[in-house]
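A.B. asks:
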Amino acid sequence: MTHGPLKRTCKNRVLLVGDAAGHVKPTTGGGIVYGIKGACVASRVIINTLSRGTTVCVYDKLWRREFGRKLKFMLLIRRVLDLLDDNTLERIMLNLKEYYIENTLVAYGDMDEQHRIIKGFIKNPLILFAMLRTLVS
Numbered sequence: 004m005t006h007g008p009l010k011r012t013c014k015n016r017v018l019l020v021g022d023a024a025g026h027v028k029p030t031t032g033g034g035i036v037y038g039i040k041g042a043c044v045a046s047r048v049i050i051n052t053l054s055r056g057t058t059v060c061v062y063d064k065l066w067r068r069e070f071g072r073k074l075k076f077m078l079l080i081r082r083v084l085d086l087l088d089d090n091t092l093e094r095i096m097l098n099l100k101e102y103y104i105e106n107t108l109v110a111y112g113d114m115d116e117q118h119r120i121i122k123g124f125i126k127n128p129l130i131l132f133a134m135l136r137t138l139v140s
């Protein structure tokens with residue numbers, strides 16, 4: 004389930020959440036956090052639909068606004084990682100270790116919000132240099 008969210012997660016009176024909607028981290032396949040976030044958005048939509056008679060298909064727009072960009076960003080990272088073989092990934096990790104990435108990991112690392120660590124890497128020129136050095140060698 005690391006292909007990213009479905010294009011459409013609601014129709015008529017049906018809302019898809021969690022794995023069924025593709026609310027899964029493309030980088031790891033984990034989905035508990037985004038499944039819960041999707042369920043929270045769905046519950047708000049359902050309550051509004053029942054109390055105000057609004058459509059449930061606003062759900063697509065709301066969950067995408069809340070966490071869709073994060074899933075898209077992780078999908079991009081997944082696609083880049085899929086292009087690299089195991090040997091290249093190992094060399095990248097060794098080069099990153101050489102450039103003391105621990106500080107960046109501590110500052111930005113989050114198991115559930117992995118986009119933060121990638122943004123932290125991008126902000127650190129030494130880390131970018133280490134990655135590029137590996138790819139061109």
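Here this note's numbering is used: position 135 in the sequence shown is 138, and no number is missing along the way. All C-beta atoms, glycine included, are put in the ideal place defined by N, C-alpha and C.
In terms of alpha-carbon separation, which member of Arg119, Leu9 and Arg11 lies closest to Met77?
C.D. replies: Ranking the options by Cα distance to Met77, first place goes to Arg119.
A.B. asks: What's the C-alpha gap between Val83 and Pro29?
C.D. replies: Straight-line Cα distance between these residues: approximately 11 Å.
A.B. asks: Would you tell me roughly how many angstroms separate the C-alpha atoms of Arg72 and Ser140, rounded to the nearest one?
C.D. replies: Approximately 33 Å, taken between the alpha carbons.
A.B. asks: Could you pull out every residue in the same chain whose Cβ sits closer than 7 Å to the Cβ of Gly41, ignoring the five residues on either side in sequence?
C.D. replies: Once the five neighbours on either side are set aside, the close Cβ partners of Gly41 are Val20, Gly21, Ala24, His26 and Trp66.
A.B. asks: On the three-state DSSP scale, how would you describe Cys60?
C.D. replies: Reduced to three states, the DSSP call for Cys60 is coil.
A.B. asks: Nearest CA to the CA of Met114: which residue from Val17, Asn15, Gly33 and Arg11?
C.D. replies: Nearest of Val17, Asn15, Gly33 and Arg11 to Met114, Cα basis: Gly33.
A.B. asks: Just verifying my parser: in three-state terms, what is the DSSP assignment at Leu92?
C.D. replies: Here Leu92 sits in helix by DSSP.
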